[in-house]
Amino acid sequence: MIEIQNVHKSFGPLEVLKGIDLTVQRGEVVTIIGGSGSGKSTLLTCINGLEPIDSGKILVDGVEVHAKSTNLNKLRQKIGIVFQQWNAFPHLTVLENVTLAPRKVLGLGKAEAEAIAEKQLKHVGLGEKLTTYPGRLSGGQQQRMAIARALAMSPDYMLFDEVTSALDPQLVGEVLETLKMLAEEGMTMICVTHEMAFARDVSDRVAYFHKGIMAEIGAPDQIFGNPQHPETQKFLASVR
Amino acid sequence: MFGYTFQWDQALARLPKMLDGAVVTMEVAVLSMLIGIAFAILLTLLRLSGSRPLRAVATSWVEIARNTPALFQIYMAHFGIATFGIHLSPFVSLLIGITFNNAGYLAENFRGALKAIPHTQTRAGRSLGMSQLQAFRYIILPQMLRISFLPMTNQMVWAVLMTSLGVTVGMNTDLYGVTQDLNALTFRTFELFAIAAVIFYVITKIITLGARLIAARLFRY
Amino acid sequence: MFDTALTSADLIFLAKGAGMTIFVTAISVTIGTALGILFGVIRVQLGAVLATPLTFFLDIFRSVPLLIQLVLANAFMGMVLRLQLSGFTIACMVLSLYTAAYCTEIVRSGIDAVPATTRRAARSLGMSWLQDMRYIVMPLATRVALPSWIGLALGVMKDSALVYVVQVTELLKSTQILITRLQEPLFLLMICGAFYFLISFPLARFGGYLEKRWSND
């Protein structure tokens, strides 16, 4: 369970998170939508401790992320995150990209790590590309590799930060399919996305962020069909 | 034509000895590069560290190495250290001097290379649970070395050419030193040093061409 | 403060050496740069293939130790051509060609950095090749090349320490002479090193600053 309690965060004079409260249960898929600058991506990078918070708490399975005593490296083994820019490691093959963390962080042996990596890469549809270098893959393929790379660590939670926003339109579908598949398999996911159809189909709950606050949260049908908050209504009207 | 009779055969007869010297030259150059790269990586890490004194030490090394003559650095290694009662052999003084120089220049190259690597690479590694050191070792360092490959090759060429300065601290087993000794024997200055020049040129070309081949094989992506 | 046998006469001796270092450097860099610009323009005009003889010739200066270049030039002038040239002359000749060899490459990449489209625009306005060179290419190329050129000039200053081998008493040699007499190597070397450092460091930093500033334009 991920618990976000009254989290505030500023970048200098600009407050980007103004008291966020959100609890995500195991197996839930929560999608976060909203305009740019609403704080959605920042929230994700706070959950795995990449960004500090100014006040409030974030707890992952009871462990406070930003406590001084927390071993962030260990915590991050449980939380997978995929960014908008897939950040492939260019000097390693696809297989090596995925086996790196299992071998060096989890201490798995080469054969064991490769077995896991192969499984995840096949899972996302890259089984044929194991010995290819990421530079030769399309954006969509690299993004799926990034997803497999995160999954190879057997995380309990997966965070997706606008993972299709940097892709050419025709490549978006394959990545969304992968996300849908993960959701159906029961992965706990928090997705920040602009893809409304995807959000509607896949989520258990949809949250609408507006200027650093969570204006509204609810089941997809409720948010998309009958939004209560004026800002939500405005936003949804503008993206139709 | 000239008021001078070239006597190439006398000089060429000395070729084997000069080639032996060339081997010693390469030994010094290769060692100075290997140790220099190791120190340069260390200096790079120090310059990134949060500790001010460590950063200052590393920056001092780099700036002194890059802003003073290599010959000065070799003198310091030999005569400077001698004032503390430690008398180093010419080979070791030369090696220390060139290594110090290499480390400084390479550290600066590495710094430029690091700038070309997006910080998101480290972020991706840390998100997978890697420590800062692991991320540096497995993700950043390999890329840094690949980007720096050409400057490192140039530095290797420099190192080979710098070994000639060894004579100033009494080195006589490297190519230049051998040539100088032979010159004192035979006074065939022009012929001997011309041959030495050719040997240096060939070594330099082998290094640069070899590097290009290695790069083509290693950096296939 | 320091317990040293260094006299003011010695300091003057060192200052003379420093002066010689600067003098040799200044002359060599000036001539070398002029040659470098000439060769650089020729190299760009001829293109890589046709310019091969030139490139090959200049490459030699970058592939042979400077010490050997000095000794060879000295032997050639003195023994072969029987010309009685001063060590200073030989030092300047060799260092100038050495500078030119590196400068050619700097000038070449500077000129190449000027977009062909910009040059075409100039010619389309009716400018001659020379006018294009003078008013368009050179100013832009200089911007790109200046930081590298500063690095080269400072490099030549540091390499000038080697001209002792043709009997030119520059700073490092002067320091060596004093060391042999006074037996205070560390102290004297530090003074010597400080001289090079105090000239090179600020100028190198300045070059870096220029590079940063101009890359943002």
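Top to bottom, those sequences are chains L, V and P.
So the number in this note's numbering is just where the residue sits in the first sequence, counting from 1, plus 25.
So the number in this note's numbering is just where the residue sits in the second sequence, counting from 1, plus 428.
So the number in this note's numbering is just where the residue sits in the third sequence, counting from 1, plus 276.
Even for Gly, the Cβ is constructed at its ideal location relative to N, Cα and C.
Remember, it's a predicted structure, so these values are computed and weren't measured experimentally.
Taking a contact as a CB-CB distance under 8 Å, the pair residue 605 (chain V) and residue 527 (chain V) does not count as one, their CB atoms being some 18 Å apart. Contact between the stretch 78-91 of chain L and the stretch 246-253 of chain L is not established, with fewer than three Cβ pairs separated by less than 8 Å. Ranked by how close their Cα comes to the Cα of residue 426 (chain P), the residues P:447, P:392, P:383 and P:438 have P:383 in first place. Comparing C-alpha distances from residue 213 (chain L) to each of L:138, L:238, L:260 and L:104 shows the shortest one belongs to L:104. Apart from the 5 residues on each side of it in sequence, residue 174 (chain L) sits with its Cβ closer than 6 Å to the Cβ of 122 and 123 in its chain, given in chain order. With the rule of 3 Cβ pairs closer than 8 Å, the stretch 451-462 of chain V counts as touching the stretch 521-541 of chain V. In the DSSP annotation of this structure, residue 76 (chain L) is not part of any beta strand (DSSP E), being labelled neither H nor E. Burial of residue 380 (chain P) is indicated by the presence of at least 16 other C-beta atoms within 10 angstroms of its C-beta. Approximately 7 Å separates the beta-carbon atoms of residue 531 (chain V) and residue 489 (chain V); this is inside 8 Å, confirming the contact. The DSSP assignment places complete alpha helix (DSSP H) segments of no fewer than 4 residues inside the stretch 331-399 of chain P at 342-351 and 363-388, in order along the chain.
The DSSP assignment places complete alpha helix (DSSP H) segments of no fewer than 4 residues inside the stretch 147-183 of chain L at 164-176, in order along the chain.
As for any beta strand (DSSP E) of minimum length 3 sitting wholly inside the stretch 177-239 of chain L, the runs are 182-186, 213-217 and 230-235, ordered along the chain. Residue-level contact check: residue 355 (chain P) touches chain V, since one or more beta carbons of chain V fall below 8 Å from its beta carbon.
For residue 131 (chain L), the closest C-alpha among the options L:65, L:95 and L:178 is that of L:178.
For the pair residue 73 (chain L) and residue 230 (chain L), the Cα-to-Cα distance works out to about 21 Å.
The stretch 459-506 of chain V contains, as complete alpha helix (DSSP H) runs of 4+ residues, the segments 480-495 and 498-503 (chain order). Near chain P, meaning a CB-to-CB distance below 8 Å, the residues of the stretch 506-538 of chain V are 507, 508, 510 and 511. The three-state reading of DSSP puts residue 408 (chain P) in helix, counting H, G and I together. Taking a cut-off of 8 Å on C-beta distances, the stretch 444-458 of chain V touches the stretch 592-606 of chain V, as three or more cross pairs fall below it. According to DSSP, residue pairing for residue 242 (chain L) in a beta bridge involves L:232. By the Cβ rule, the stretch 439-453 of chain P does not count as touching the stretch 631-640 of chain V, because fewer than three pairs are nearer than 8 Å.
In this structure, residue 199 (chain L) and residue 165 (chain L) form a Cβ contact; the two beta carbons are roughly 5 Å apart against a cut-off of 8 Å.
Residue 75 (chain L) belongs to the set of residues whose beta carbon lies under 8 Å from a beta carbon in chain V. Counting only Cβ-Cβ distances below 9 Å, residue 240 (chain L) has no contacts in chain V at all, with the closest Cβ about 28 Å away.
Residue-level contact by beta carbon holds for residue 559 (chain V) and chain L, with a gap shorter than 8 Å. At a cut-off of 8 Å between C-beta atoms, residue 258 (chain L) does not count as an interface residue with respect to chain V. The three-state secondary structure of residue 631 (chain V), taken from DSSP, is helix.
Counting the other Cβ atoms within 10 Å of the Cβ of residue 324 (chain P) gives fewer than 16, which makes it exposed.
Closer than 8 Å to the CB of residue 455 (chain P) there is at least one CB belonging to chain V.
Taken atom to atom, the span from the alpha-carbon of residue 349 (chain P) to that of residue 389 (chain P) is near 35 Å.
No Cβ of chain V is located within less than 8 Å of the beta carbon of residue 411 (chain P).
Burial state of residue 358 (chain P) is exposed, judged by a 10 Å Cβ sphere holding fewer than 16 other Cβ atoms.
By the neighbour-count criterion, in which 16 or more other beta carbons inside 10 Å mark a residue as buried, residue 434 (chain P) falls on the buried side. In terms of beta-carbon proximity, residue 592 (chain V) lines the interface with chain P, with at least one pair separated by less than 8 Å.
The Cβ neighbour count for residue 436 (chain V), taken over all protein chains shown within 10 Å, is under 16; the residue is labelled exposed. Around the Cβ of residue 31 (chain L), a 10 Å sphere holds fewer than 16 other Cβ atoms; the residue is exposed.
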